[in-house]
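K.L.:
Dumping the structure here so I can ask a few things about it.
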Amino acid sequence: MKETLGDPTLCRELIATYGSPVNLHDYSAMGENVKELNSAAAAHHIDFQVYYARKANKTMAAIDRAMYEACGVDVASINELRQCLARGVPATRIIVSAAVKSKALMELAITAGVTVSLDNEDELRDVIELTGSSGQRLLVALRLAITHPDIPATRFGLPASEWMRVVNDVELGAQVEVAGVHFHLNGYDAQARALGIHEALDVIGQLRSMGHNPTFVDMGGGIPMSYLDSAAQWENFWSTLATLPEGDESLTWKSDRLGSSGGAPGTGVYPYHQDLTRGRWLDKVLTYMPGPGAPSVASALRAAKIQLRCEPGRSLMDGCGLTLAEVAFHKKRSDGVPLVGLHMNRTQCRSTSADFLLDPILVQAAPTGRKRAFDSAFLVGAYCIEEELLLRRRFEFPEGVAAGDLIAFPNTAGYLMHIVESASHQLPLAANIQWDGTKWAADDIDREKLRL
Ligand SMILES: Cc1ncc(COP(=O)(O)O)c(C=O)c1O
538 MKETLGDPTL
548 CRELIATYGS
558 PVNLHDYSAM
568 GENVKELNSA
578 AAAHHIDFQV
588 YYARKANKTM
598 AAIDRAMYEA
608 CGVDVASINE
618 LRQCLARGVP
628 ATRIIVSAAV
638 KSKALMELAI
648 TAGVTVSLDN
658 EDELRDVIEL
668 TGSSGQRLLV
678 ALRLAITHPD
688 IPATRFGLPA
698 SEWMRVVNDV
708 ELGAQVEVAG
718 VHFHLNGYDA
728 QARALGIHEA
738 LDVIGQLRSM
748 GHNPTFVDMG
758 GGIPMSYLDS
768 AAQWENFWST
778 LATLPEGDES
788 LTWKSDRLGS
798 SGGAPGTGVY
808 PYHQDLTRGR
818 WLDKVLTYMP
828 GPGAPSVASA
838 LRAAKIQLRC
848 EPGRSLMDGC
858 GLTLAEVAFH
868 KKRSDGVPLV
878 GLHMNRTQCR
888 STSADFLLDP
898 ILVQAAPTGR
908 KRAFDSAFLV
918 GAYCIEEELL
928 LRRRFEFPEG
938 VAAGDLIAFP
948 NTAGYLMHIV
958 ESASHQLPLA
968 ANIQWDGTKW
978 AADDIDREKL
988 RL
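Each residue of the sequence shown is one higher than the last, beginning at 538 in my numbering.
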């Protein structure tokens with residue numbers, strides 16, 4: 538990222554060729570990210586498999602890289618599944634975890650021989666009907682809603698007791714085979730994952746006593762990453778924000794507290810600084826003992842001869858991309874607050890988090906003769922709404938900013954580029970390009986005509 542942004546001529550050429558904004562990818566960091574997880578698992582001698590959660594980034598080259606790194610892929614829609622199959626991902630390395638599954642998605646999964654994570658009884662009945670009429674076998678995982686008192690209620694999956702009742706009551710038929718237990722938790726807490734795995738292993742034991750032969754527990758995604766190295770920077774931002782009087786816009790738009798109170802980090806934003814990430818986090822999960830004398834998660838998995846799977850999206854994409862946009866103008870709001878307008882809209886660098894709390898980087902690329910502004914300013918975008926802020930924090934431009942400069946949003950490959958992007962106002966979606974080792978090239982996803 539630093540190397541690319543250090544070359545303003547190249548950055549200008551990329552914007553000239555692909556438009557603004559453009560999403561740049563280089564997946565080489567994915568290898569290190571996967572290795573961290575695999576090494577932590579290997580140290581505990583467990584059977585372990587990473588599935589890349591495709592929803593985090595839609596590019597096709599990310600699928601290729603995930604395969605190269607010996608990952609499987611977790612897919613959340615029929616188009617994601619179709620694309621993975623077309624790309625050559627073996628069916629045995631795919632899991633469908635879509636929250637709602639169309640009949641066409643289930644049919645494709647059955648024909649292709651892909652494992653499906655079932656959310657509820659209706660989905661089980663659907664696949665029994667579909668496999669019954671096709672005569673084909675289907676491996677399913679039961680999606681477990683973890684019911685531990687320390688873990689918040691979830692809309693996903695069913696509690697263990699419900700699944701036991703369903704599996705008892707419903708005739709699975711010869712074709713549907715329960716291959717594993719799946720869960721995914723909100724948040725990033727290692728201990729919650731450990732409790733989840735213990736509960737899933739308990740369900741595995743019950744399934745085995747009912748004559749089933751499950752082989753894996755899939756603990757979903759939510760493996761943490763850290764966008765900010767400095768804990769002090771992170772804490773300082775929140776404590777400073779807490780001191781500002783209502784209406785003070787020196788730090789955030791309309792003194793937005795971003796869900797925080799009393800100087801603690803906001804609840805509506807991703808924890809952009811985290812101490813424990815990927816490998817060290819997984820080690821904590823595997824070392825955890827649920828009670829005195831109880832086996833650790835790793836030894837319980839080994840004793841049960843169960844493979845542990847996970848579905849990281851964001852933390853595999855860490856370091857794999859940035860978003861580059863062109864400055865269109867600088868001006869003042871009617872009351873004098875400085876604004877910098879970009880050729881970009883706010884869905885093009887946004888996730889479900891209330892804001893992206895990583896500083897953008899200015900690349901001075903404006904043609905000579907453009908007036909530079911030295912104010913601190915808010916970045917505004919192309920949608921015609923007053924609250925169209927690209928980021929809700931105010932930024933300083935010590936070297937000035939001018940129309941034709943470029944602004945880079947670093948480390949956006951996990952969710953920030955794609956998860957809520959829209960083409961409202963008939964503005965085109967951002968182009969996606971990747972460094973293929975020798976040159977920048979368009980990603981195949983931008984050629985894809987989605988069958989909806
Ligand atoms: C079922 C499931 N698996 C995996 C993921 C990926 O999570 P993350 O990108 O936080 O690792 C999600 C995210 O919502 C999910 O719902």
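Every residue gets a Cβ at the ideal spot worked out from N, C-alpha and C, and that includes glycine.
Helix or strand or just coil, what does DSSP make of residue 922?
P.N.:
Here residue 922 sits in coil by DSSP.
K.L.:
Measuring from each Cβ to the nearest heavy atom of ligand 1, keep the ones under 5 Å and list them in chain order.
P.N.:
My final list is 590, 593, 634, 721, 757, 758, 759, 848, 849, 850 and 851.
K.L.:
Have a look at residue 960 and residue 966 and give me their C-alpha separation to the nearest angstrom.
P.N.:
C-alpha separation (whole angstroms): 6 Å.
K.L.:
Taking the beta strand (DSSP E) that residue 735 belongs to, which residues open and close that run?
P.N.:
Not the beta strand (DSSP E): residue 735 falls in the alpha helix (DSSP H), residues 727 to 746.
K.L.:
Under the rule that 16 or more other beta-carbon atoms within 10 Å means buried, what is residue 949, buried or exposed?
P.N.:
Under this definition residue 949 is a buried residue.
K.L.:
Could you tell me whether the Cβ atoms of residue 555 and residue 970 are closer together than 8 Å?
P.N.:
Contact: yes.
K.L.:
Decide if residue 933 is buried, meaning its Cβ has at least 16 other Cβ atoms within 10 Å, or exposed.
P.N.:
Its Cβ having fewer than 16 others within 10 Å, residue 933 is exposed.
K.L.:
Using the Cβ count rule (16 or more neighbours within 10 Å means buried), how would you classify residue 955?
P.N.:
Looking at its Cβ environment, which holds 16 or more other Cβ atoms inside 10 Å, residue 955 is buried.
K.L.:
For residue 666, count neighbouring C-beta atoms within 10 Å of its own C-beta (all shown protein chains included) and say buried if the count is 16 or more, exposed if not.
P.N.:
Classification for residue 666: exposed.
K.L.:
For residue 490, which option in 981, 976, 777 and 775 has the closest C-alpha, if you only look at C-alpha atoms?
P.N.:
Summary: the structure shown does not reach residue 490, with the chain confined to residues 538 through 989, and so no result is reported for it.
K.L.:
When the Cα atoms are used, what is the spatial distance from residue 941 to residue 794?
P.N.:
Roughly 32 Å separates the two Cα atoms.
K.L.:
From which residue to which residue does the alpha helix (DSSP H) around residue 970 run?
P.N.:
From DSSP, residue 970 is part of no alpha helix (DSSP H) but of the beta strand (DSSP E) over 968 to 972.
K.L.:
Rounded to whole angstroms, what's the CA-CA distance from residue 674 to residue 751? Just pull it up for me.
P.N.:
Going by the C-alpha atoms only, they are around 15 Å apart.
K.L.:
What are the boundary residues of the beta strand (DSSP E) that includes residue 652?
P.N.:
Per DSSP, residue 652 belongs to the beta strand (DSSP E) from 652 to 655.
K.L.:
Apart from the five residues just before and just after residue 809, which ones in its own chain have a Cβ nearer than 7 Å to its Cβ?
P.N.:
Correct list, in chain order: 764, 765, 771, 894 and 895.
K.L.:
So, residue 790 versus residue 926, is the Cβ gap smaller than 8 Å?
P.N.:
Going by C-beta atoms, residue 790 is nearer than 8 Å to residue 926.
K.L.:
Identify the residues that DSSP records as bridge partners of residue 962: which are they?
P.N.:
Answer by DSSP bridge pairing: none, since residue 962 is not bridged.
K.L.:
Compute the distance between the beta-carbons of residue 652 and residue 677, then report whether it is under 8 Å.
P.N.:
Contact flag set, yes.
K.L.:
What are the uninterrupted segments assigned as alpha helix (DSSP H) that are 4 or more residues long and contained completely in the stretch 744 to 829, given in chain order?
P.N.:
Taking only runs of at least 4 residues, the alpha helix (DSSP H) segments lying wholly in the stretch 744 to 829 are 768 to 780 and 815 to 824.
K.L.:
How should residue 659 be labelled, buried or exposed, when 16 other C-beta atoms within 10 angstroms of its C-beta is the threshold for buried?
P.N.:
So residue 659 counts as exposed.
K.L.:
Residue 918 to residue 777, Cα distance in whole Å?
P.N.:
Each residue's Cα considered, the two are about 26 Å apart.
K.L.:
Do residue 695 and residue 682 have their beta-carbon atoms positioned less than 8 Å apart in this structure?
P.N.:
The answer is yes: Cβ separation under 8 Å.
K.L.:
Are residue 573 and residue 759 touching if we call contact CB-CB under 8 Å?
P.N.:
Not a contact, by the Cβ cut-off of 8 Å.
K.L.:
Using the Cβ count rule (16 or more neighbours within 10 Å means buried), how would you classify residue 785?
P.N.:
That one is exposed.
K.L.:
Looking at the unbroken beta strand (DSSP E) that takes in residue 939, where does it start and where does it end?
P.N.:
Note, residue 939: premise wrong, no beta strand (DSSP E); not H, not E.
K.L.:
Do residue 633 and residue 612 have their CB atoms nearer than 8 Å?
P.N.:
In this structure, residue 612 lies closer than 8 Å to residue 633 by Cβ.
K.L.:
Which first and last residues belong to the alpha helix (DSSP H) in which residue 575 is found?
P.N.:
Segment 565 to 580, the alpha helix (DSSP H) holding residue 575.
K.L.:
Using a Cβ-Cβ cut-off of 7 Å (strictly less than) and excluding sequence neighbours within five positions of residue 639, which residues of its own chain qualify?
P.N.:
Excluding positions up to five away in sequence, the list reads 615.
K.L.:
Does DSSP put residue 985 in a helix, a strand or coil?
P.N.:
Here residue 985 sits in coil by DSSP.
K.L.:
With distances taken Cα to Cα, identify the nearest neighbour of residue 787 among 655, 593 and 912.
P.N.:
Looking at the Cα atoms, 912 is the closest of the given residues.
K.L.:
So does the stretch 740 to 757 actually touch the stretch 876 to 894, counting three or more Cβ pairs closer than 8 Å?
P.N.:
Contact fails: fewer than three Cβ-Cβ distances are below 8 Å.
K.L.:
Along the chain, where does the beta strand (DSSP E) that runs through residue 876 open and close?
P.N.:
875 to 879 is the span of the beta strand (DSSP E), which, as asked, contains residue 876.
K.L.:
Between which residues of its own chain and residue 901 is the CB-CB distance below 7 Å, once the five residues before and five after are set aside?
P.N.:
Taken in chain order, the residues that qualify are 545, 936 and 942.
K.L.:
Where does the unbroken beta strand (DSSP E) through residue 978 begin, and where does it stop?
P.N.:
From DSSP, the beta strand (DSSP E) with residue 978 extends over 977 to 979.
K.L.:
Going by beta carbon distance, what residues of the same chain come within less than 6 Å of residue 803, once the five residues before and after it are set aside?
P.N.:
Answer for residue 803: 795, 796 and 797, listed in chain order.
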